[in-house]
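Input: a single structure, listed below in structure tokens.
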Amino acid sequence: MGIEIRLLGGFSVSVDGEAVPARAWRLRKALGADAIVVRDELVTLATAATVDVDTFEAAVAAARTAGRSAELEAATGLFAGDLLPEDRYEAWTEPRRSLLREQFASVCLELAERHERRGRIGDALACAQRVLEGEPLHEPAHRFLMSCYARAGRRQDALQQFERLRAELRRRLEAKPDAVTRALYRSLLATSVADESTPRRLPVQLTTFVGREHELKEVGELLGSKRMLTLTGAGGTGKTRLAVAAAEAAASRFPDGTWFVDLGRLTDPALVGEEAATAVGIQVPAQRSSADALAQHLAHRTALLLLDTCEHVIDACAVLVEELLRRCPQLTVLATSREPLRCRGEHLWRVSGLCLPEAVELLAARASEAGPAFTLTDARAAPSTNATCSS
Ligand SMILES: [Mg+2]
Numbered sequence: 008m009g010i011e012i013r014l015l016g017g018f019s020v021s022v023d024g025e026a027v028p029a030r031a032w033r034l035r036k037a038l039g040a041d042a043i044v045v046r047d048e049l050v051t052l053a054t055a056a057t058v059d060v061d062t063f064e065a066a067v068a069a070a071r072t073a074g075r076s077a078e079l080e081a082a083t084g085l086f087a088g089d090l091l092p093e094d095r096y097e098a099w100t101e102p103r104r105s106l107l108r109e110q111f112a113s114v115c116l117e118l119a120e121r122h123e124r125r126g127r128i129g130d131a132l133a134c135a136q137r138v139l140e141g142e143p144l145h146e147p148a149h150r151f152l153m154s155c156y157a158r159a160g161r162r163q164d165a166l167q168q169f170e171r172l173r174a175e176l177r178r179r180l181e182a183k184p185d186a187v188t189r190a191l192y193r194s195l196l197a198t199s200v201a202d203e204s205t206p207r208r209l210p211v212q213l214t215t216f217v218g219r220e221h222e223l224k225e226v227g228e229l230l231g232s233k234r235m236l237t238l239t240g241a242g243g244t245g246k247t248r249l250a251v252a253a254a255e256a257a258a259s260r261f262p263d264g265t266w267f268v269d270l271g272r273l274t275d276p277a278l279v280g281e282e283a284a285t286a287v288g289i290q291v292p293a294q295r296s297s298a299d300a301l302a303q304h305l306a307h308r309t310a311l312l313l314l315d316t317c318e319h320v321i322d323a324c325a326v327l328v329e330e331l332l333r334r335c336p337q338l339t340v341l342a343t344s345r346e347p348l349r350c351r352g353e354h355l356w357r358v359s360g361l362c363l364p365e366a367v368e369l370l371a372a373r374a375s376e377a378g379p380a381f382t383l384t385d386a387r388a389a390p391s392t393n394a395t396c397s398s
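Using our numbering, the first residue of the sequence shown is number 8, and each one after it goes up by one.
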């Protein structure tokens, strides 16, 4: 006999999947007289039962140990709402309710940070918003949203998030945001003008970014220590996608700009410098070379230049990169190429295809983006999908 007790989002009991009616206490009838023991005013179940609070807490602990987004996401899905909301003013429920809420909030925010690191800004914002649905005054969630908007270049949204918190606190508690939140707001105000002028010209991705957590972390770290990093690998392995996501995530470390130079359509190697200058948005004077003008423009800038698809104009790319790195000490170059550029200082990083679960996730994401009619069920995922992804 399976007994399931729900305490999150409202009290209910099910026996073998059948809900026991709320107002009629028929558990003794449903389970049989022996299943319930009343002793010293204490009602005890003689049969083991599943309690949703225990399931949620075990999932949170397991997700933290595994340290993976999928498990964290699954754990947040088990939080159906506040503990016993109908007993809101019962003193014994309050500490436990707060504790559970806080566990839910911290998992959501951890997930939000992971999404942001992977360049999934929409998912990151949605995760933090879930915290505010239950707790509209949760300041860490507000702070995350403010910072995330700011890092994504959405200054107005960042400032409005603070205004919303301020208004809500005033209305409900006649209180002000705490000191940390106010300091963040001040720093956003102070840097907002600089932020607005910080160029970040990376291609906007219209599809979701899948997997690659470790790769993003590694490439992100290398962008902090190497000045010339080339992502190599066979065609279609995801070099461009990974490079753009890594550049997006690292953009705040390059306050003077992050630019994407698309060399894929170029046929004349003599035009590599010009293409890069156009991407950076500078005018090249008639008497100067593009490389020279670019080097002068970037000479004192802490910036990131992403050269995408270098393999067919590889020698010209190598010459340009060497000149830029020599003359621009705070410049970092990230390149994608099927072949190494073989220029001085180049650090190679090989991109391999997505692992099988990520490939299946990518296929499912694309299918559901194409139309809601298709969802990848377990039955569909195996084994034909696996075969498609690994081939
Ligand atoms: Mg590419």
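Ideal Cβ positions, reconstructed from N, Cα and C, are used throughout, including at glycine. Values in this document were obtained by computation on a predicted structure and should not be read as measured data.
C-alpha distance - PRO143 paired with GLU329, whole-angstrom precision: Translated into the one-based positions of the sequence shown, residue 143 becomes position 136. Translated into the one-based positions of the sequence shown, residue 329 becomes position 322. In a straight line, the C-alpha of PRO143 is about 52 angstroms away from that of GLU329.
So within the stretch 63-122, which uninterrupted alpha helix (DSSP H) runs reach at least 4 residues, ignoring any that extend past its ends? 76-84
In whole angstroms, what separates the C-alpha of ASP263 from that of ARG308? As a position in the sequence shown, residue 263 is number 256, starting the count at 1. As a position in the sequence shown, residue 308 is number 301, starting the count at 1. Looking at the two C-alpha atoms, the distance is approximately 6 angstroms.
For VAL67, which residues in the same chain have their Cβ closer than 7 angstroms to its Cβ, ignoring the five residues on either side in sequence? Taking the sequence shown and counting its residues from 1, one reaches residue 67 at position 60. If we look at VAL67 and ignore the five residues flanking it on each side, its Cβ neighbours are ALA82, GLN110 and VAL114.
Considering SER3, what are the terminal residues of the beta strand (DSSP E) in which it resides? In this structure the chain extends from 8 to 398, so residue 3 is not present and cannot be described.
Under 8 angstroms by Cβ, that's how I've got PHE261 and ALA302 pegged, so tell me the actual separation to the nearest angstrom. Along the sequence shown, read from residue 1 onward, the residue named residue 261 stands at position 254. Along the sequence shown, read from residue 1 onward, the residue named residue 302 stands at position 295. That belief does not hold up - the Cβ atoms of PHE261 and ALA302 are roughly 17 angstroms apart, past 8 angstroms.
Does ligand 1 have even one heavy atom less than 7 angstroms from the beta-carbon of THR185? Against the sequence shown, residue 185 aligns to sequence position 178. Here residue 185 turns out to be Asp, not Thr, going by the sequence shown. Outside the cutoff, so no.
In angstroms, rounded to a whole number, what distance separates the CA positions of ALA371 and PRO364? Stepping through the sequence shown from its first residue, residue 371 is reached at position 364. Stepping through the sequence shown from its first residue, residue 364 is reached at position 357. C-alpha separation (whole angstroms): 11 angstroms.
Would you mind reading off the limits of the alpha helix (DSSP H) that contains GLY231? Taking the first residue of the sequence shown as 1, we reach residue 231 at position 224. From DSSP, the alpha helix (DSSP H) with GLY231 extends over 220-232.
Report whether the distance from the Cβ of LYS246 to the nearest heavy atom of ligand 1 is below 7 angstroms. Taking the sequence shown and counting its residues from 1, the one referred to as residue 246 is at position 239. Flag set: Cβ of LYS246 near ligand 1.
Report yes or no: do three or more beta-carbon pairs, one from the stretch 236-247 and one from the stretch 282-301, lie closer than 8 angstroms? no
Assess, as a yes-or-no matter, whether the stretch 224-242 is touched by the stretch 336-350 under the definition of 3 or more beta carbon pairs within less than 8 angstroms. yes
Quick one: does the C-beta of ASP315 sit closer than 7 angstroms to a heavy atom of ligand 1? For the purposes of this step, residue 315 is identified with residue 308 of the sequence shown, where counting begins at 1. ASP315 Cβ: within cutoff of ligand 1.
Is the closest heavy atom of ligand 1 to the C-beta of THR343 under 7 angstroms? Residue mapping note: residue 343 aligns to position 336 of the sequence shown, counting from 1. Flag set: Cβ of THR343 near ligand 1.
Where does ASP89 land, buried or exposed, given buried means 16+ other C-beta within 10 angstroms? Within the sequence shown, the letter at position 82 stands for residue 89. The residue is buried, with at least 16 neighbouring Cβ atoms inside 10 Å.
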